[in-house]
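Take a look at the structure below.
Numbering (full-length UniProt numbering), first residue to last: 1 to 635.
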């Protein structure tokens, strides 16, 4: 019965766990309250905006006089901008600009983009009727807040601009002017160039200084609800986030996983609303001194068809110069393609998540160039296989060294067992004799770990590379119709938690390959690794891992890019082949034993690891001796 009693530590543990659960529950309740409060606040703000816009629209609609001063309602509603309501453009309308790559529609009301289409291209879609529309149906709000001298705020989204479309060489130039008189105005200027996803955009004013309050900071607001353009909502949403770059050249981003995230930033050069494979970017030659950024996840249920993925908001403070605005900017609407973004030399390529440190370095300077060359003359699926073969050949020396180390450890295992049995009551002596055996036989127990560790950067880099490779979008291979998304071969009538409502074949093949590889190598590792007193039984752990690892692969990659699963399947299949050749034709057991016996006859210098271990054991032995002497004295 004594063994069943709860000790003090158990009671304390239960109390802590209960406290954590209560805290988490209360925290969730508070978050829900905050979320409801935020939603109410947003709804209230939107209602105020709607009422103000309706008042202005009603005043413009009811206007009949040619002289705005004769219409009291118009003057009261629009103040200095009443003149703009007397122009033909106040009746509404839009202007279209079109190039090989982009179609843009600019509305008279607000002077901003109401439709942005990335024109059909074999790179983007196999279905000519399927459009990639980044802006449509009021999912974007581009608004400039201005304060007049009587401290009244006006939003350009509610006002009408006068359009003028001209040509400058091959460029299409659209001037949108919000006028307060014939020669005094606020201008948005769009310049669409041929064969370019980047357009010039500028904001400038002329004569506005006499009506605006220069003491009040004008704010440029840009909101965007991102449309879902990809097959997997889960996967797409994971790579949809806000990026921004500050004056020091450091790029940062908001969270892509939390429901809501926001930040305040200084000296911002650009703001990018990035989706998985497309992006909308606003770049300024003159940095925004203060910028407020927000991101909200709009996906409520990933199992249901979703129109929008995230809601992005950016509020950028502008600055008057002599009472006037003068900002030269650029807008980018197009693919989030690393090579394309890098070609603009503005640091935009940093929004493509290729990994940090050495992982990003490997992608930028090795895998992207090599894959680019391979895919230039091979189909994309074959290019992935070719890249996999090259990577496995590159790291095959590491695979060889790792297996050689395991083979050596396996060969001396009987001698290690003898030492363990002989000195089972003297752990210190057992360690010393074991290390002496390793040194004499020329075996380094760490040699098998180092090659495996060196492969981690390559593994993680490619894990980042494939989901970011724009060229894989809607490229088919075998049964996979899109290498950038999952390769569904069976649709399930139900959803399995953490797995999904479909069956992907490449993850199954990759899981089988991992199972076979681990089955091949685990037995040797168990034989090679001597059991250590006080340590967990590694043989049991490895037996469990043989089944857990493939299962994790199966669940984790079922919704991921089939190109990534294809890589892991081919990679593990090649590794199985390499291991078979090494094991049966290169590293033979009798040769290993002969090498070890030959090493024992030689005076071998100790390696750094062995010297360090020996020093540590000597220090531990000396401490043990001193402790025993102290015990004798105390007696």
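Ideal Cβ placement from N, Cα and C applies to all residues, glycine included.
Candidates the options: closest to residue i by CA position
i	options	result
residue 387	465, 188, 438 and 411	465
residue 194	516, 111, 151 and 97	97
residue 482	164, 569, 563 and 417	563
residue 475	383, 394, 550 and 417	383
residue 636	480, 290, 201 and 457	Because the chain here runs from 1 to 635, residue 636 falls outside it and cannot be looked at.
residue 487	577, 381 and 455	381
residue 290	323, 245, 119 and 356	245
residue 389	576, 166, 141 and 181	576
residue 584	561, 550, 556 and 520	520
residue 240	247, 265, 217 and 296	296
residue 192	224, 176 and 102	102
residue 339	148, 319, 363 and 143	363
residue 259	248, 288 and 238	238
residue 358	374, 169 and 459	459
residue 509	566, 205 and 133	566
residue 265	316, 75, 349 and 582	316
residue 115	406, 579, 333 and 409	333
residue 404	159, 579 and 150	579
Beta-carbon contacts of residue i that lie in its chain and below 6 Å, excluding the five residues immediately before and after
i	result
residue 572	513, 514 and 517
residue 93	108
residue 272	243, 279, 281 and 351
residue 473	277 and 484
residue 314	222, 271 and 293
residue 637	The structure shown does not extend to residue 637, since the chain spans only 1 to 635, so no value can be given for it.
Under the three-state DSSP convention, the category residue i falls into
i	result
residue 498	coil
residue 372	helix
residue 91	helix
residue 530	At residue 530, the pLDDT of 49 sits below 50, so the modelled position is not reliable and the matter cannot be decided from this model.
residue 246	strand
residue 352	coil
residue 430	helix
residue 538	The predicted model places residue 538 with a pLDDT of 49, which falls under 50 and marks its position as unreliable; any figure quoted below should be read in that light. Residue 538 falls in the helix class under three-state DSSP.
residue 403	helix
residue 413	helix
residue 151	coil
residue 560	coil
residue 388	helix
residue 173	strand
residue 133	strand
residue 80	helix
residue 227	strand
residue 277	coil
residue 196	coil
residue 283	strand
Between the CA atoms of residue j and residue i - distance to the nearest angstrom
i	j	result
residue 276	residue 255	14 Å
residue 293	residue 146	20 Å
residue 527	residue 431	With a pLDDT of 45 at residue 527, under the threshold of 50, the modelled position of this residue cannot be trusted, and the question is left open.
residue 215	residue 268	22 Å
residue 209	residue 112	22 Å
residue 172	residue 156	23 Å
residue 421	residue 496	50 Å
residue 630	residue 435	29 Å
residue 262	residue 227	20 Å
residue 69	residue 219	Residue placement at residue 69 is poorly supported in this model, since its pLDDT is 45, which falls under 50; the coordinates are not used for a value here.
residue 89	residue 251	40 Å
residue 467	residue 504	16 Å
residue 178	residue 84	6 Å
residue 391	residue 136	43 Å
residue 323	residue 184	13 Å
residue 372	residue 87	53 Å
residue 418	residue 426	13 Å
residue 377	residue 370	12 Å
residue 544	residue 557	20 Å
residue 285	residue 330	8 Å
Residues near residue i by beta carbon distance below 8 Å, same chain, minus five either side
i	result
residue 233	299, 302, 306 and 309
residue 490	502 and 503
residue 236	228, 229, 230, 275, 276 and 309
residue 456	none
Residue i CB to nearest heavy atom of the ligand FMN below 8 Å
i	result
residue 177	As for the ligand FMN, it is missing from this structure, which has no ligand bound.
Own chain residues within Cβ distance below 7 Å of residue i, not counting five before or after
i	result
residue 152	79
residue 470	277, 335, 336 and 337
residue 67	Reliability of the predicted coordinates at residue 67 is poor, the pLDDT of 46 falling under 50, and no value is obtained from them.
residue 498	555
residue 414	none
residue 344	198
Length-filtered (4 minimum) alpha helix (DSSP H) runs lying within the stretch 311 to 355: Listed in chain order, they are 338 to 343.
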